[in-house]
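Just below is one structure, and these are the notes that go with it.
Protein chains in written order, with the numbering used here: chain B, 1 to 75; chain V, 1001 to 1472.
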């Protein structure tokens, strides 16, 4: 019983330590949503995108997706 | 126009999402707190609520509970920045349609919303909700849907595709139950939808249900629905998929995965053409056409006692086999061109062709994931292409590096000798072994580990046998 309680305490401690990181990930993901949705809107609102513009928007999309992957891998 | 309520305290997310959804034909309202959201729900008949899990004044769990108690026919999708499987399962059990983790990818969320609204349509069409005041889908919107699907559905030009189209045309106008057989990714659901849209039921609901992901506990409630309070956790009345599909078509995917008990209940419902929600005494008459799909051999399932024979025969009024893509050589580039057009539209690109090397590679590749795999490969390549031609460097490595295995398929001299001496029992056994091993090897694209598993021998034995019977 004592051992089980010890393990549980340890788990709660780990979880408490992880909480700031979890909140940080949550907030970063919120901002990533804004970036991805804003890019989608830009693609729609700018009528004739130049190839350069498309490249910039694609780069932002791909980098956002990469940040998301990094966050998921860190979970 | 379908009405969506977004509840999110992140004002920018709510605003951007509402603009995106409005552009895609939805009537969107936003609320920054749970209380304001509930106020809006009181005054408007929303088809769907997108609710952030963490709100200033409450949380997604509470909101879901309140919405499902007060507005059981409004769909709810929970959005959150936390990915927590336990929470996702809990919310879905409580009645959420889905649980989406941030960041929100526009295509992904639009897809989920469309599916949720389609399911909701079926709920709305239920007679009991006639007085609820939702938008009824007009017959013209059904026609539009049919047209949209026809634009997406490609009929191949190969002999097997023509035969497939002929079978669909033949069975569609009837009321026959249909079994669709085919490997994963061959387009079983598309064929089922095509049958539905070519049938007299086309302006009635088409409900697709993935039986592969159903747990034993959830299955009964998903199929037959339940009454509020009929068991712990039944916080609201739920309409089952049979009722949703009433008048239309119910498509059951991966039916081989259903438990034996659920199969018995399913058989009763199909035979009696009546359904009773869990916890209810009222029987509801059903007029549902059933189409099932599987990539497993149901006959094997019957022999092993996993699938009920009576249920199999009940469903097997007509069966359609969709051949794998690798056996539809003539269709490969037709489909690739079609997916290229779709990807251009989706990504606002203007990629027009495939390079000759890509065409050759596509024709030789095994396409284990079939049409689904090809669609993803073409989408990816379109995204990565800078000019107007898809080249080898935009293909995933497993495809660009793929080399068709060169095996000696023709019977070798020894096999001729064996065949010539058919009455020798030892030779007959050898010949049977040869045929079986070669057949399995071809099926698994000469993956020897997989072949050994299927043949139920170890890999070393397989190598020895291949050597002995001269399969190179």
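A virtual CB, placed ideally from N, CA and C, is assigned to each residue, including glycine.
For chain B, is any of its Cβ atoms less than 8 angstroms away from the one on residue i?
i: residue 1465 of chain V; result: no
i: residue 1099 of chain V; result: no
i: residue 1417 of chain V; result: At residue 1417 of chain V, the pLDDT of 49 sits below 50, so the modelled position is not reliable; the number obtained from the coordinates is stated separately. No, its Cβ sits nowhere closer than 8 angstroms to a Cβ of chain B.
i: residue 1081 of chain V; result: yes
i: residue 1012 of chain V; result: yes
i: residue 1048 of chain V; result: no
What's the C-alpha gap between residue i and residue j?
i: residue 1414 of chain V; j: residue 1468 of chain V; result: Because the pLDDT at residue 1414 of chain V is just 46, under 50, the model does not fix this residue reliably, and the point stays unresolved.
i: residue 1231 of chain V; j: residue 1465 of chain V; result: 57 angstroms
i: residue 1326 of chain V; j: residue 1444 of chain V; result: 12 angstroms
i: residue 38 of chain B; j: residue 1109 of chain V; result: 14 angstroms
i: residue 1377 of chain V; j: residue 1234 of chain V; result: 43 angstroms
i: residue 1172 of chain V; j: residue 1087 of chain V; result: 42 angstroms
i: residue 1328 of chain V; j: residue 1277 of chain V; result: 44 angstroms
i: residue 69 of chain B; j: residue 58 of chain B; result: 16 angstroms
i: residue 28 of chain B; j: residue 1366 of chain V; result: 41 angstroms
i: residue 1347 of chain V; j: residue 1383 of chain V; result: 7 angstroms
i: residue 1275 of chain V; j: residue 1242 of chain V; result: 7 angstroms
i: residue 1392 of chain V; j: residue 1015 of chain V; result: 41 angstroms
i: residue 1218 of chain V; j: residue 1212 of chain V; result: 12 angstroms
i: residue 1306 of chain V; j: residue 1253 of chain V; result: 16 angstroms
i: residue 1199 of chain V; j: residue 1183 of chain V; result: 25 angstroms
i: residue 1430 of chain V; j: residue 1436 of chain V; result: 10 angstroms
i: residue 1261 of chain V; j: residue 1208 of chain V; result: 21 angstroms
i: residue 1247 of chain V; j: residue 1034 of chain V; result: 37 angstroms
i: residue 1061 of chain V; j: residue 46 of chain B; result: 39 angstroms
i: residue 1115 of chain V; j: residue 1095 of chain V; result: 15 angstroms
i: residue 26 of chain B; j: residue 1225 of chain V; result: 35 angstroms
Considering residue i, what are the terminal residues of the alpha helix (DSSP H) in which it resides?
i: residue 1090 of chain V; result: 1085–1093
i: residue 1337 of chain V; result: 1329–1347
i: residue 1370 of chain V; result: 1370–1384
i: residue 1272 of chain V; result: 1260–1272
i: residue 58 of chain B; result: 51–73
i: residue 1157 of chain V; result: First-last for residue 1157 of chain V: undefined, no H or E at that position.
i: residue 1040 of chain V; result: 1034–1043
i: residue 1474 of chain V; result: In the structure as shown, chain V begins at 1001 and stops at 1472. Residue 1474 of chain V is therefore absent and cannot be evaluated.
i: residue 1189 of chain V; result: 1188–1197
i: residue 1350 of chain V; result: Residue 1350 of chain V -> no alpha helix (DSSP H), and no H or E assigned at all.
i: residue 1302 of chain V; result: 1298–1303
Between residue i and chain V, is the shortest Cβ-Cβ distance under 8 angstroms, so that the two count as touching?
i: residue 44 of chain B; result: yes
i: residue 63 of chain B; result: no
i: residue 30 of chain B; result: yes
Taking residue i as part of the beta strand (DSSP E), name the residues at either end of that continuous run.
i: residue 1319 of chain V; result: 1318–1322
i: residue 1249 of chain V; result: 1249–1253
i: residue 1052 of chain V; result: 1048–1052
i: residue 1289 of chain V; result: 1289–1294
i: residue 1209 of chain V; result: 1206–1210
i: residue 1027 of chain V; result: 1027–1031
i: residue 1080 of chain V; result: 1075–1080
i: residue 1181 of chain V; result: 1178–1182
Report yes if the CB atom of residue i is closer than 8 angstroms to the CB atom of residue j, and no otherwise.
i: residue 1077 of chain V; j: residue 1059 of chain V; result: no
i: residue 1289 of chain V; j: residue 1177 of chain V; result: yes
i: residue 1381 of chain V; j: residue 1390 of chain V; result: yes
i: residue 1320 of chain V; j: residue 1454 of chain V; result: no
i: residue 1351 of chain V; j: residue 1294 of chain V; result: no
i: residue 1008 of chain V; j: residue 1052 of chain V; result: yes
i: residue 1267 of chain V; j: residue 1311 of chain V; result: yes
i: residue 1025 of chain V; j: residue 1048 of chain V; result: no
i: residue 61 of chain B; j: residue 1103 of chain V; result: no
i: residue 1186 of chain V; j: residue 1324 of chain V; result: yes
i: residue 1302 of chain V; j: residue 1188 of chain V; result: no
i: residue 33 of chain B; j: residue 1191 of chain V; result: no
i: residue 1020 of chain V; j: residue 31 of chain B; result: no
i: residue 1029 of chain V; j: residue 1044 of chain V; result: yes
Using a Cβ-Cβ cut-off of less than 7 angstroms, list which residues of the segment 33–61 of chain B approach chain V; keep chain order. 33, 34, 36, 37, 38, 40, 41, 43, 44
Where the segment 1014–1029 of chain V meets chain B: residues whose CB sits under 8 angstroms from a CB there: 1016, 1017, 1019, 1020, 1023
Of all the residues that make up the segment 1062–1076 of chain V, which are near chain B by a beta-carbon distance shorter than 7 angstroms? none
Listed from N- to C-terminal order along the chain, which residues in the segment 1344–1377 of chain V have their beta-carbon within a distance smaller than 7 angstroms of any beta-carbon of chain B? 1348
Members of the segment 1184–1210 of chain V that neighbour chain B once the beta carbon cut-off is set at 7 angstroms: none
Mind checking the segment 1100–1117 of chain V against chain B and listing, in chain order, the residues whose C-beta falls within less than 8 angstroms of any C-beta there? 1101, 1102, 1103, 1104, 1105, 1106
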